[in-house]
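Heads up, the thing below is written out as C-alpha cells.
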Amino acid sequence: SSDLQFWGGKITIQTIGADFLLSTGVNHAIYPMVYGQSSTTSAFTGTIASFVMGSISNGSAVVTYDGAGVLNLPGRSFGNVVRLKTRTYFDYVAGVTGSVTFENYDYYSLLNSKHPLFSVAASTITSSFGPPSIQFFAYVNADYLAISVEEVSKEVSSFKVFPNPAQSDFKISFINENNLPASYEIINAIGQTIKSEKLISQKGKSEYYVETEGLHNGIYFVKTTVGTQSSVKKITINN
Numbered sequence: 003s004s005d006l007q008f009w010g011g012k013i014t015i016q017t018i019g020a021d022f023l024l025s026t027g028v029n030h031a032i033y034p035m036v037y038g039q040s041s042t043t044s045a046f047t048g049t050i051a052s053f054v055m056g057s058i059s060n061g062s063a064v065v066t067y068d069g070a071g072v073l074n075l076p077g078r079s080f081g082n083v084v085r086l087k088t089r090t091y092f093d094y095v096a097g098v099t100g101s102v103t104f105e106n107y108d109y110y111s112l113l114n115s116k117h118p119l120f121s122v123a124a125s126t127i128t129s130s131f132g133p134p135s136i137q138f139f140a141y142v143n144a145d146y147l148a149i150s151v152e153e154v155s156k157e158v159s160s161f162k163v164f165p166n167p168a169q170s171d172f173k174i175s176f177i178n179e180n181n182l183p184a185s186y187e188i189i190n191a192i193g194q195t196i197k198s199e200k201l202i203s204q205k206g207k208s209e210y211y212v213e214t215e216g217l218h219n220g221i222y223f224v225k226t227t228v229g230t231q232s233s234v235k236k237i238t239i240n241n
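3 is the number of the first residue of the sequence shown in the numbering used here; add one for each residue after it.
Structure representation (C-alpha cells):
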C-alpha cells in the first residue's frame with residue numbers, strides 16, 4: 003500500500019459513547035514521503051451511532067510532512083525520523099449537533115516501520131448539549147520499548163506525579179533511601195527539556211512542588227533522577 007488510512011473509530015459526546023464510520027479512508031501517511039508534501043482527503047460524509055443513528059457531513063482531512071531530524075524521547079533517541087501532522091474535521095448530527103476535530107503529530111522512522119514510533123494526539127468535540135470536550139494523548143510504539151531487567155532495577159522507588167491532569171502546580175514524590183542527589187526535568191512532546199531543577203535531598207519519602215507557570219497546555223514527561231536511578235512519568239498540563 004502507498005498510504006496509511008483510517009475509516010472510523012470511537013468518540014465520547016459529553017458522557018455518551020459513539021461509533022463513527024467514514025465514507026472514505028482518511029490518509030494519515032503517504033509513501034514515499036517528501037518533505038513539505040501535503041495530501042488532502044476529498045470532502046467525506048459518514049454515519050455515527052450513539053443512542054440514535056446519525057450522520058456525518060462536511061468532512062475534511064489534510065496530512066502534511068512538516069519535519070525531519072532526531073526524535074529525543076526520555077532515555078532514548080532515534081535518527082532519520084520524520085513528522086507528519088494530520089488534521090481531520092467533520093460535523094455530526096446524532097440527537098445533538100456538533101463537530102469533531104482531530105489533530106495528530108506522528109513521528110516515523112524511515113528505516114524501521116510504516117507505523118509511528120511516537121504520536122501526540124488532540125481531540126476537540128463540540129456539542130449543542132454542553133461545553134466542548136478537549137483531550138490530549140501520547141503514544142509510544144511498544145516495539146521500540148525493550149526494557150531489560152537491569153533497566154527496571156534502576157528505576158526510582160515509588161515515583162509518583164500528581165494530580166494528573168494538573169490544572170496548576172503539581173507534586174512529585176519518591177523514596178530516596180540513601181539521601182542521594184536528586185533532580186527532575188520536564189520534557190515536552192518533541193523531546194526538548196524545557197525545565198530542570200536540582201532538588202534538596204532528604205532521606206526516605208521525598209515530596210516536592212513543581213511550578214507550571216510558563217508551560218502551555220499539553221502533554222509532558224517528568225523525568226526524575228536519584229543518584230544513578232531515573233524514572234519517567236507522563237503528565238497532562240491544563241492550566
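Virtual Cβ for every residue (Gly too), placed ideally from N, Cα, C.
From a predicted model like this one, the values you see are computed outputs, not experimental measurements.
- Query: Roughly how many angstroms separate the alpha carbons of F161 and T230, rounded to a whole number?
  - Reply: 14 Å
- Message: I need the DSSP call for E179, collapsed to helix, strand or coil.
- Response: coil
- E187 in three-state terms, based on DSSP: strand
- Query: When DSSP labels each residue in this structure, what does N264 get in the three-state scheme?
  - Reply: Residue 264 cannot be examined here, being either before or after the span of the chain that is shown, 3 to 241.
- From V158, A45, V72, pick the residue whose C-alpha is nearest to that of N60; which is it? A45
- Message: By alpha-carbon positions, which one of K225, N178, I136 ends up nearest to N219?
- Response: I136
- Item | Contacting residues, own chain, Cβ-Cβ under 6 Å from I50 (five flanking each side not counted) | A20, F22, G56, I58, Y94, A96
- Query: Which whole-angstrom value is the C-beta distance of F138 and L73, which I expect to be below 8 Å?
  - Reply: About 19 Å separates the two Cβ atoms, so there is no contact after all.
- Item | The beta strand (DSSP E) enclosing T88, as first and last residue numbers | 78 to 96
- Less than 9 Å separating the beta-carbons of L86 and N106? yes
- Query: Would you say the beta carbon of S41 comes nearer than 8 Å to a heavy atom of the ligand PLP?
  - Reply: Questions concerning the ligand PLP fall outside what the structure shown contains, since it holds no ligand whatsoever.
- Message: Between which two residues does the beta strand (DSSP E) holding N241 run?
- Response: N241 -> no beta strand (DSSP E), and no H or E assigned at all.
- Contacts around L24, its chain only, beta-carbon distance under 6 Å, and the 5 residues preceding and following it disregarded: W9, G10, F46, G48
- Whose CA, out of Q194, S175, N178, lies closest to the CA of S79? Q194
- Task: Whole angstroms is fine: what's the gap from P183's alpha carbon to L201's?
- Result: 7 Å
- Query: Which residues mark the beginning and the end of the beta strand (DSSP E) in which N74 is found?
  - Reply: 55 to 75
- Query: Going by other Cβ atoms of all chains shown within 10 Å of its Cβ, with 16 needed for buried, is V102 buried or exposed?
  - Reply: buried
- With a Cβ-Cβ cutoff of 9 Å, do V228 and I188 count as a contact? no
- Message: Residues in the same chain with beta-carbon distance under 6 Å from R89, minus the five sequence neighbours each way, listed in chain order, please.
- Response: V64, E105
- Message: I'd like to know whether the C-beta atoms of V83 and Y37 end up nearer to each other than 9 Å.
- Response: no
- With distances taken between CB atoms, is the gap from K236 to L217 smaller than 9 Å? no
- What residue does the beta strand (DSSP E) around A260 start on, and which one ends it? As displayed, the chain neither begins before 3 nor continues past 241, which places residue 260 out of reach and without an answer.
- Look at the alpha carbon of F53 and the alpha carbon of V98, and state the distance between them as a whole number of angstroms. 10 Å
- When the Cα atoms are used, what is the spatial distance from Q169 to E209? 18 Å
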